[in-house]
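Under this note's numbering, the residue at position 292 of the sequence shown is numbered 320, and the numbers go up by one with no gaps. Just so it is clear, CB atoms sit at the ideal spot from N, CA and C, and this is done for glycine as well. To start, the structure under review is shown below, and the notes come after it.
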Amino acid sequence: MITLALLASLSGPHAPAQLVVVTPRGETRLAVSADADGHPVVAAFPLAAALGGSIRQDGAWITVVISRQDFSFLPHAPLFRLNDRIEPLAVPAFERGDSLFVPYQFVAEILPRYLGELYTFDREAGRLVQRGPVAAAAPAPKRLPNGLLPGHIVTVDAGHGGADPGNPGRFFPPGVTEKSVTLQVALLLQDELTRRGITVRMTRTTDTRPNLLQRAPTCDASCDLFVSLHVDALDTRKRRDYRSVDGFTTLIIGEENSADAARVAQTENEALRFESAQDQDLAGGPLAYILRDLQMNEYLRESARAGALMQTHLEPIHPGKNRGVQQRNDLAVLNTGRRPGVLVEMGYGSSPSDAKFLVSKDGQRRIARALADAIVDYLLEFEWKSGARAAGPGR
Ligand SMILES: [Zn+2]
Numbered sequence: 029m030i031t032l033a034l035l036a037s038l039s040g041p042h043a044p045a046q047l048v049v050v051t052p053r054g055e056t057r058l059a060v061s062a063d064a065d066g067h068p069v070v071a072a073f074p075l076a077a078a079l080g081g082s083i084r085q086d087g088a089w090i091t092v093v094i095s096r097q098d099f100s101f102l103p104h105a106p107l108f109r110l111n112d113r114i115e116p117l118a119v120p121a122f123e124r125g126d127s128l129f130v131p132y133q134f135v136a137e138i139l140p141r142y143l144g145e146l147y148t149f150d151r152e153a154g155r156l157v158q159r160g161p162v163a164a165a166a167p168a169p170k171r172l173p174n175g176l177l178p179g180h181i182v183t184v185d186a187g188h189g190g191a192d193p194g195n196p197g198r199f200f201p202p203g204v205t206e207k208s209v210t211l212q213v214a215l216l217l218q219d220e221l222t223r224r225g226i227t228v229r230m231t232r233t234t235d236t237r238p239n240l241l242q243r244a245p246t247c248d249a250s251c252d253l254f255v256s257l258h259v260d261a262l263d264t265r266k267r268r269d270y271r272s273v274d275g276f277t278t279l280i281i282g283e284e285n286s287a288d289a290a291r292v293a294q295t296e297n298e299a300l301r302f303e304s305a306q307d308q309d310l311a312g313g314p315l316a317y318i319l320r321d322l323q324m325n326e327y328l329r330e331s332a333r334a335g336a337l338m339q340t341h342l343e344p345i346h347p348g349k350n351r352g353v354q355q356r357n358d359l360a361v362l363n364t365g366r367r368p369g370v371l372v373e374m375g376y377g378s379s380p381s382d383a384k385f386l387v388s389k390d391g392q393r394r395i396a397r398a399l400a401d402a403i404v405d406y407l408l409e410f411e412w413k414s415g416a417r418a419a420g421p422g423r
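This is the structure we're talking about:
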């Protein structure tokens with residue numbers, strides 16, 4: 029009801045043609061424009077600049093940071109997110125050309141409501157007034173030697189573990205299975221990333237078996253990327269040519285399901301049998317599809333880019349074939365993720381040359397280094413893309 033009332037009161041005739049933003053730094057006049065239906069909207073970049081804030085992109089969400097509060101908008105959806113809570117909007121934010129527009133409601137109602145100690149809004153005059161002294165603008169952040177901003181977080185997931193050995197690896201030495209190879213590479217990757225100034229969250233660091241569906245959520249809103257490590261294998265009873273099939277693949281959540289990716293999904297999802305019936309249902313039930321759709325829309329591009337970079341970095345160091353990035357819509361470990369994520373099949377345990385490479389310390393180190401370099405490239409690109417959109421002081 030509140031939303032409808034606001035929609036009525038903020039539509040058309042009641043919004044002034046100009047918004048005046050008054051802060052201790054001065055007064056800024058911003059044009060009030062209209063969306064396709066005539067509802068009043070304000071360009072977000074000049075607004076953020078006037079308020080000493082900034083704008084960044086988080087996947088499909090665009091976050092307007094005002095006084096250290098993150099107001100996130102999903103273009104064309106009538107909602108915004110604040111402190112992990114989704115709230116309705118009278119009309120959606122939207123992008124036109126390179127500009128982002130937020131509803132007039134943001135200045136008229138949302139800022140005064142959530143940052144009431146800082147902002148008051150005079151509806152008649154169309155004046156947003158900031159009270160009190162302004163915190164000094166933060167100094168430009170110092171970059172790491174590799175060019176990254178500090179503070180990135182990546183989750184590394186060593187596939188399988190504990191009671192779930194993963195695939196046996198036809199050509200692995202006795203006693204070695206997929207779960208031990210993924211753990212060894214994951215620990216090396218943790219070192220490599222840490223050395224590159226990236227904070228690492230591990231889903232496991234020993235021979236344990238975290239719930240398959242709780243692995244990806246370890247990469248929460250503060251985390252940049254989820255990386256799950258696995259080893260592929262062909263069924264040596266079904267495929268006579270199994271020795272000759274080798275190489276590395278990155279899987280991401282997507283719509284296209286190739287036959288080969290389907291086989292991988294089936295293999296990796298087998299670990300679901302260790303989970304409760306309820307969890308199994310979650311992995312494949314309606315909720316999974318909703319989560320997947322959300323994630324797919326938001327992060328397909330980022331996941332695909334991270335996957336492509338991993339393939340590029342693995343190619344020169346790997347004895348097997350570059351099998352590219354493949355999309356799957358039914359990988360349980362990725363479906364439960366809410367951030368960009370990839371599943372790397374680092375090689376085939378059913379190929380003699382891949383297996384030898386995968387169990388060697390040198391091979392494992394090369395894989396970890398290649399993946400870490402790919403992750404740095406991905407984060408640099410991501411920073412550059414979000415930086416190019418940023419507004420506010422120091423930009
Ligand atoms: Zn696996």
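Residue from the options whose Cα sits closest to the Cα of residue i
i	options	result
residue 156	195, 228, 49 and 377	49
residue 194	329, 240 and 130	240
residue 201	381, 135, 289 and 335	381
residue 341	152, 278 and 112	278
residue 356	71, 332 and 349	332
residue 151	119, 128, 209 and 43	43
residue 353	283, 86 and 208	283
residue 159	87, 52 and 271	52
residue 407	172, 125, 148 and 147	172
residue 261	118, 106, 348 and 305	348
residue 228	236, 148 and 216	216
residue 372	242, 359 and 298	359
residue 300	144, 389 and 361	361
residue 291	114, 263 and 363	263
residue 410	346, 369, 330 and 392	330
residue 288	302, 346 and 273	273
residue 393	268, 270, 369 and 218	218
Heavy atom of ligand 1 within 8 Å of residue i beta-carbon
i	result
residue 363	no
residue 303	no
residue 278	no
residue 204	no
residue 236	no
residue 295	yes
residue 71	no
residue 239	no
residue 258	yes
residue 104	no
residue 357	no
residue 299	yes
residue 348	no
residue 231	no
Coarse secondary structure for residue i, derived from DSSP in three states
i	result
residue 217	helix
residue 176	coil
residue 503	Since the first residue shown for the chain is 29 and the last is 423, residue 503 is missing from the structure and cannot be characterised.
residue 41	Any reading at residue 41 needs caution, since the residue's pLDDT is 44, under 50, leaving its predicted position unreliable; the model's value is listed next. If DSSP states are grouped into helix, strand and coil, residue 41 belongs with the helices.
residue 82	strand
residue 104	coil
residue 94	strand
residue 111	coil
residue 352	strand
residue 341	helix
residue 423	Confidence at residue 423 is low in this model, with a pLDDT of 29, below 50, so its placement is unreliable and the value that follows should be read with caution. DSSP places residue 423 in coil when its eight states are reduced to three.
residue 359	coil
residue 224	coil
residue 407	helix
residue 50	strand
Own chain, CB closer than 7 Å to residue i, minus 5 neighbours either side, in chain order
i	result
residue 142	97 and 110
residue 62	68 and 69
residue 204	197 and 387
residue 404	174, 176 and 224
Contact set for residue i: own chain, Cβ-Cβ below 8 Å, skip 5 residues either direction
i	result
residue 350	275, 276, 339, 342 and 343
residue 78	49, 51, 56 and 58
Chain-order list of residues whose beta-carbon lies under 6 Å from that of residue i (same chain, five-residue window excluded)
i	result
residue 247	183, 254 and 367
residue 40	Residue placement at residue 40 is poorly supported in this model, since its pLDDT is 42, which falls under 50; the coordinates still yield a value, given next. Closer than 6 Å at the Cβ level, and outside the excluded window around residue 40, lie 66.
residue 220	396, 397 and 400
residue 103	121, 122 and 123
residue 336	353
residue 307	241
Start-to-end residues for the alpha helix (DSSP H) that takes in residue i
i	result
residue 200	Unbroken run through residue 200: none, as it is neither H nor E.
residue 387	380 to 387
residue 292	287 to 297
residue 243	240 to 243
Segment limits, beta strand (DSSP E) that includes residue i
i	result
residue 140	No beta strand (DSSP E) holds residue 140; the alpha helix (DSSP H) holding it covers 139 to 142.
residue 57	54 to 62
residue 155	155 to 158
residue 117	Note, residue 117: premise wrong, no beta strand (DSSP E); not H, not E.
residue 367	Run containing residue 367: none; DSSP gives neither H nor E here.
residue 131	127 to 131
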